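Numbering-wise (our numbering), the sequence shown opens with residue 11 and increments by one. Backbone N, C-alpha and C fix where the C-beta goes; we use that ideal spot for every residue, glycine too. All of these numbers come straight from a predicted model, not from anything done at the bench.
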Amino acid sequence: MKIVIINYGAGNIQSIMFAIERLGFEAVLSNNPDEIKLADKVIFPGVGEASSAMTKLRESGLDNLIPQLKQPVLGICLGMQLMCNKTEEGNTEGLGIFDVDVLKFSNNVKVPQMGWNQIYDLKTDLFKGISENEFMYLVHSFYAPNCAETIATTNYDIEYASALQKDNFYGTQFHPEKSGDVGEKILGNFLKL
11 MKIVIINYGA
21 GNIQSIMFAI
31 ERLGFEAVLS
41 NNPDEIKLAD
51 KVIFPGVGEA
61 SSAMTKLRES
71 GLDNLIPQLK
81 QPVLGICLGM
91 QLMCNKTEEG
101 NTEGLGIFDV
111 DVLKFSNNVK
121 VPQMGWNQIY
131 DLKTDLFKGI
141 SENEFMYLVH
151 SFYAPNCAET
161 IATTNYDIEY
171 ASALQKDNFY
181 GTQFHPEKSG
191 DVGEKILGNF
201 LKL
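So this is what it looks like as structure tokens:
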């Protein structure tokens with residue numbers, strides 16, 4: 011199986027590579043459109059700020075490529091948020107894969123949300139064998155509200171989508187690669203899709 015992690019200068023790439031190795035697979039880093047198109051699975055990571063990340067995607071043409079991919083694609087954290095219509099972070103237009111706008115948490119809570127929180131209302135094979143209310147690791151100041159594409163929910167002041175899915179595209183607000191055995195099992199489920 012060929013697993014490509016999109017390398018566009020805004021990723022938590024090493025921890026994802028180590029998690030995939032622990033699952034018995036190898037991944038390659040690439041921003042080459044031909045190599046990404048030929049992958050069996052694509053992981054779209056992201057750490058950092060939305061508008062600068064989108065600028066990097068546009069400069070490399072990956073903003074046009076990613077929505078056209080036909081194989082399973084997993085966006086993680088900022089990667090998931092960039093797959094939405096737009097985000098309030100830097101008033102940034104996203105890739106428009108998930109039909110939801112990303113919003114900033116209110117001042118009622120400490121921002122960023124950092125640490126462990128539960129996921130529930132789990133749907134799709136991404137969560138096969140995962141129990142309701144498992145704890146996942148999150149670090150974020152912006153969130154995708156619950157919508158028709160929500161496949162997992164978390165509560166932090168309000169309920170929001172901690173995972174999204176549409177067709178071959180999946181996104182997790184949490185970091186499966188930093189969420190211990192359960193997170194790695196979710197990553198393993200993605201690789202089996």
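Specify the secondary structure class of residue i as computed by DSSP and reduced to three states.
i: A29; result: helix
i: L48; result: helix
i: A37; result: strand
i: G193; result: helix
i: G181; result: strand
i: A171; result: strand
i: A162; result: strand
i: P55; result: coil
i: A20; result: coil
i: P155; result: strand
i: E142; result: coil
i: L148; result: strand
i: K66; result: helix
i: K12; result: coil
i: K176; result: strand
Determine the burial state of residue i: buried for a count of at least 16 other Cβ atoms within 10 Å of its Cβ, exposed for fewer.
i: D73; result: buried
i: T97; result: buried
i: A158; result: exposed
i: S172; result: buried
i: E187; result: buried
i: M146; result: buried
i: L48; result: exposed
i: S116; result: exposed
i: Q175; result: buried
Could you say which of the options lies nearest to residue i if we only look at CA atoms?
i: I140; options: M27, G193, N17; result: G193
i: K133; options: G181, N101, H150, M124; result: G181
i: L148; options: L136, T163, E142; result: T163
i: I129; options: L79, A63, Q183; result: Q183
i: F28; options: A20, Y18, N41, I13; result: I13
i: G71; options: K80, P43, V38, L39; result: P43
i: P77; options: D177, K66, L113, D167; result: D177
i: K80; options: K51, N156, A63, G104; result: K51
i: E103; options: F115, M11, L92; result: L92
i: A63; options: N17, N117, I196; result: N17
i: A60; options: N101, P122, L201, L203; result: N101
i: F108; options: G89, F115, K120; result: G89
i: L201; options: K66, E99, L33; result: L33
i: N95; options: L113, G198, R68; result: L113
i: D131; options: N165, Q123, F54, V119; result: N165
i: L105; options: N127, F137, F54, V119; result: F54
If residue i and residue j are in contact, beta carbons under 8 angstroms, what's the gap, nearest whole angstrom?
i: I26; j: G56; result: I26 to G56, Cβ: 11 angstroms. No contact.
| query | Can you list the alpha helix (DSSP H) stretches of 4 or more residues lying completely in the stretch 84-139, in chain order? | reply | Counting whole runs of 4 or more residues, the stretch 84-139 contains the alpha helix (DSSP H) stretches 88-92.
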